[in-house]
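Undergrad: Residue numbers (the working numbering): -8 to 225. Here a beta-carbon is modelled for each residue, glycine too, at the ideal position from N, C-alpha and C.
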Ligand SMILES: Cc1cc2nc3c(=O)[nH]c(=O)nc-3n(C[C@H](O)[C@H](O)[C@H](O)COP(=O)(O)OP(=O)(O)OC[C@H]3O[C@@H](n4cnc5c(N)ncnc54)[C@H](O)[C@@H]3O)c2cc1C
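1) Could you compute how far the alpha carbon of residue 221 sits from the alpha carbon of residue 179?
2) For the alpha helix (DSSP H) holding residue 200, just list the boundary residues, first then last.
3) If you follow the alpha helix (DSSP H) that residue 139 is in, where does it begin and where does it stop?
4) Give me the Cβ distance between residue 93 and residue 119, rounded to the nearest whole Å; I'm assuming they're in contact under 8 Å.
5) How many whole angstroms separate the CB atoms of residue 138 and residue 160, which I take to be in contact at a CB cut-off of 8 Å?
6) Does at least one heavy atom of ligand 2 sit under 7 Å from the Cβ of residue 41?
7) Measure the alpha-carbon distance for residue 101 versus residue 14 and round it to whole angstroms.
8) At which residue ranges does the stretch 46 to 129 contain complete beta strand (DSSP E) runs of 3 or more residues, listed in the order of the chain?
9) With H, G and I counted as helix, E and B as strand and the rest as coil, what does DSSP make of residue 155?
10) Is the beta carbon of residue 145 closer than 8 Å to that of residue 110?
11) Taking the alpha-carbon of residue 51 as reference, which of 181, 205, 86 has the nearest alpha-carbon?
12) Apart from the five residues on each side of it in sequence, which residues of its chain come closer than 8 Å, Cβ to Cβ, to residue 57?
13) Would a C-beta distance cut-off of 8 Å place residue 66 and residue 74 closer than the cut-off?
14) Just the Cα atoms here: how many angstroms apart are residue 149 and residue 190?
15) May I ask whether a heavy atom of ligand 1 can be found less than 7 Å away from the beta carbon of residue 45?
16) Relative to the C-alpha of residue 173, which candidate in 199, 64, 8 has its C-alpha closest?
17) By alpha-carbon positions, which one of 215, 142, 155, 131 ends up nearest to residue 90?
18) Classify residue 8: buried if its beta carbon has 16 or more other beta carbons within 10 angstroms, exposed otherwise.
19) Using a Cβ-Cβ cut-off of 6 Å (strictly less than) and excluding sequence neighbours within five positions of residue 204, which residues of its own chain qualify?
20) DSSP three-state call for residue 161: helix, strand or coil?
21) Can the beta-carbon of residue 166 be found closer than 8 Å to that of residue 70?
22) Between 177, 134, 213, 192, which has its C-alpha nearest residue 223's C-alpha?
23) Count the other CB atoms within 10 Å of the CB of residue 121; is the residue buried (16 or more) or exposed (fewer)?
24) Work out the CA separation of residue 154 and residue 187 for me, nearest whole Å.
25) Under 8 Å between the Cβ atoms of residue 183 and residue 48?
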């Protein structure tokens, strides 16, 4: 990834480059994960809100709109709603919301072979522009000031984009742990209860999935993750 960073004067101060970075379509990635998991016997219950979680007889009872599920091991991976899910067990999981707005161009001939932070071209030719980080709670509106800022940033990197047509703008809400670092591992004081909450959860998903599985199956991880424990928040 080529990553330019802003300084307050709006000058670009430097860059990093990694030849192995690339883009992934998160919808396709999730679809592949789900297919692989189903082949291994995983069952999904979609569009099903969890309303309560209880600890009883050494197990966890997850109560949802479509019935209750009992399990020995439970992973809390509620993304932006991690805090609300933690509350169900009286656990403070300090995850905030951070809005990001993205502009999408009409499909263009391939011209961007690497990912710039805030600018990438999907393999259907659309260019995704924007890297806003806004404290807006769960408000998923798009706003003119951020749209203009994102467009200016894109044209600064690639002046030719000035002629591109923008077909839509959308926003999404990032899960952001209070101190900016992932929250990972077994919940202190709760045996067999795990938490996985982070930003950059698409890029990190293979790693985080592997680490949590190692923890459940082997009781330890192949790389140390203590510094990401929920216990650091006291
Ligand atoms: C604009 C924008 C740009 C981003 N760019 C990148 C990027 O370039 N690279 C990257 O790696 N990441 C990026 N991210 C972040 C990435 O999307 C998240 O980090 C990732 O989705 C987190 O995955 P997750 O599975 O932990 O949480 P989520 O994807 O939020 O999944 C949590 C799930 O829990 C469910 N849930 C919550 N509460 C309940 C409940 N009570 N009952 C039942 N289900 C519940 C939700 O419905 C949801 O399906 C971006 C995000 C935004 C908004």
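TA: Let's see:
1) Your numbering for residue 221 matches position 230 in the chain shown. Your numbering for residue 179 matches position 188 in the chain shown. Approximately 7 Å, taken between the alpha carbons.
2) Along the chain shown, read from residue 1 onward, the residue named residue 200 stands at position 209. Unbroken alpha helix (DSSP H) run through residue 200: 196 to 209.
3) Residue mapping note: residue 139 aligns to position 148 of the chain shown, counting from 1. First-last of the alpha helix (DSSP H) with residue 139: 135 to 148.
4) By 1-based counting over the chain shown, the position of residue 93 is 102. By 1-based counting over the chain shown, the position of residue 119 is 128. Residue 93 to residue 119, Cβ: 5 Å. Contact.
5) Reading the chain shown from its first residue, position 147 is the one you call residue 138. Reading the chain shown from its first residue, position 169 is the one you call residue 160. The Cβ separation is near 5 Å, so the contact holds.
6) Because ligand 2 does not appear in the structure shown, any question about it cannot be addressed here, the ligands present being ligand 1.
7) The residue given as residue 101 occupies position 110 in the chain shown. The residue given as residue 14 occupies position 23 in the chain shown. Approximately 14 Å, taken between the alpha carbons.
8) 50 to 55, 58 to 62, 65 to 67, 86 to 96, 110 to 112, 118 to 120
9) Locating residue 155 in the chain shown gives position 164, where the first residue counts as 1. If DSSP states are grouped into helix, strand and coil, residue 155 belongs with coil.
10) Indexing the chain shown from 1 puts residue 110 at position 119. Indexing the chain shown from 1 puts residue 145 at position 154. For residue 110 and residue 145, yes; Cβs fall inside 8 Å.
11) As a working mapping, residue 51 is identified with position 60 in the chain shown. With distances taken between Cα atoms, residue 51 lies closest to 181.
12) Numbered from its first residue, the chain shown carries residue 57 at position 66. Cβ neighbours of residue 57 beyond the five flanking positions: 36, 39.
13) Here residue 66 refers to the residue found at position 75 when the chain shown is read from its first residue. Here residue 74 refers to the residue found at position 83 when the chain shown is read from its first residue. For residue 66 and residue 74, no; Cβs fall outside 8 Å.
14) For this step, residue 149 is matched to residue 158 along the chain shown. For this step, residue 190 is matched to residue 199 along the chain shown. The straight-line gap from Cα to Cα measures roughly 27 Å.
15) Within the chain shown, residue 45 is the residue found at index 54, counting from 1. The answer is no for residue 45.
16) Counted from its first residue, the chain shown places residue 173 at position 182. Answer by Cα proximity: 199.
17) Numbered from 1 along the chain shown, position 99 holds the residue referred to as residue 90. Residue 131 is the option with its Cα nearest to residue 90.
18) What you label residue 8 is simply residue 17 of the chain shown in a count that begins at 1. The residue in question, residue 8, is exposed, as its Cβ has fewer than 16 Cβ neighbours within 10 Å.
19) Numbered from 1 along the chain shown, position 213 holds the residue referred to as residue 204. Cβ within range, chain order: n/a, list empty.
20) Translated into the one-based positions of the chain shown, residue 161 becomes position 170. Here residue 161 sits in strand by DSSP.
21) Counting from 1 along the chain shown, the entry for residue 166 is found at position 175. Counting from 1 along the chain shown, the entry for residue 70 is found at position 79. Cβ atoms of residue 166 and residue 70: closer than 8 Å.
22) Locating residue 223 in the chain shown gives position 232, counting from the first residue. With distances taken between Cα atoms, residue 223 lies closest to 177.
23) Position 130 of the chain shown, counting from 1, holds the residue named residue 121. Result: buried.
24) For this step, residue 187 is matched to residue 196 along the chain shown. For this step, residue 154 is matched to residue 163 along the chain shown. About 42 Å.
25) For the purposes of this step, residue 183 is taken as the residue at position 192 of the chain shown. For the purposes of this step, residue 48 is taken as the residue at position 57 of the chain shown. No. Outside cutoff.
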